[in-house]
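With our numbering applied, the sequence shown covers 155 to 317.
Glycine residues also receive a C-beta, built at the ideal position from the N, C-alpha and C atoms.
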Amino acid sequence: MKNTVIMGLLVAMNIVLGRFSVGPSFAKISLVFFATILMGYLLGPWWAAVGAAIADQLGILLTGGQNFPGFTISAAIAAMIYGMFFYRQKITWWRAIVAVFLVMLISNVILTTWWLDIMGTPWQGIIVVRAVKNLVVFPFQAVLTYFTLKEVERLKPQLHLDD
Numbered sequence: 155m156k157n158t159v160i161m162g163l164l165v166a167m168n169i170v171l172g173r174f175s176v177g178p179s180f181a182k183i184s185l186v187f188f189a190t191i192l193m194g195y196l197l198g199p200w201w202a203a204v205g206a207a208i209a210d211q212l213g214i215l216l217t218g219g220q221n222f223p224g225f226t227i228s229a230a231i232a233a234m235i236y237g238m239f240f241y242r243q244k245i246t247w248w249r250a251i252v253a254v255f256l257v258m259l260i261s262n263v264i265l266t267t268w269w270l271d272i273m274g275t276p277w278q279g280i281i282v283v284r285a286v287k288n289l290v291v292f293p294f295q296a297v298l299t300y301f302t303l304k305e306v307e308r309l310k311p312q313l314h315l316d317d
């Protein structure tokens, strides 16, 4: 029951944070990753993937966005990667850096660029912009991921978030 409530709160957080982004559709910058890393850390890879997929689909329903299953798959894979690196693991700089790098490479640069290409935006015109955007954002997101999860790790016993 507790995990269902946590997932619901993080799905809502994901949807709200997804409403605030900057940049063109092929190179958006947003704070959605906060909800995604928390899903991975608190729920594990499989439930985080489910939560991210639900958040993506609910976000589309609530905002009237275009539904393309590839983006849902990318969101689920990102959450799964975070879950594999952070669930029941000690939070370290190495874990934060590698997890953020893998999410950016696999989900953001490779898969999302592929989905955009399938939808009609030629990958050759956006791959460099998407790669540069992720390289610029990477250090900030890795640092924010590390410090956010270290704080949640510290507060977890007081918040009764232990398994």
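Chain-order list of residues whose beta-carbon lies under 6 Å from that of residue i (same chain, five-residue window excluded)
i: isoleucine 191; result: Tyr236 and Thr299
Delimiting residues of the alpha helix (DSSP H) encompassing residue i
i: leucine 192; result: 186-217
i: leucine 256; result: 247-256
i: proline 293; result: 277-309
i: lysine 156; result: 156-172
i: isoleucine 231; result: 223-240
i: leucine 313; result: Neither: leucine 313 is in no alpha helix (DSSP H) and is coded neither H nor E.
i: isoleucine 272; result: 266-272
Cβ-Cβ distance between residue i and residue j below 9 Å
i: valine 286; j: phenylalanine 187; result: no
i: glycine 177; j: isoleucine 169; result: no
i: alanine 203; j: alanine 230; result: yes
i: methionine 234; j: tryptophan 200; result: yes
i: alanine 250; j: alanine 296; result: yes
i: methionine 273; j: phenylalanine 222; result: yes
Anticipated Cβ contact below 8 Å, residue i with residue j, distance rounded
i: valine 254; j: phenylalanine 225; result: The pair is not a contact, with the Cβ atoms about 19 Å apart (cut-off 8 Å).
i: tyrosine 195; j: leucine 303; result: 6 Å
Spatial neighbours of residue i in its chain, beta-carbon cut-off 8 Å, leaving aside the 5 residues before and after
i: serine 228; result: Ser261, Asn262, Leu265, Thr266 and Trp269
i: leucine 197; result: Asn157, Ile160, Met161, Leu164, Gly205, Gly237 and Tyr241
Heavy atom of the ligand ADP within 8 Å of residue i beta-carbon
i: valine 159; result: This structure does not include the ligand ADP; it has no bound ligands of any sort.
Neighbourhood of residue i by C-beta distance below 7 Å, restricted to the same chain and skipping five residues each side
i: glutamate 307; result: Ile245
i: serine 175; result: Lys182, Ile183 and Ser184
i: alanine 232; result: Thr190, Ala206, Val257 and Ser261
i: glycine 172; result: Ser184, Val186 and Gly213
i: histidine 314; result: none
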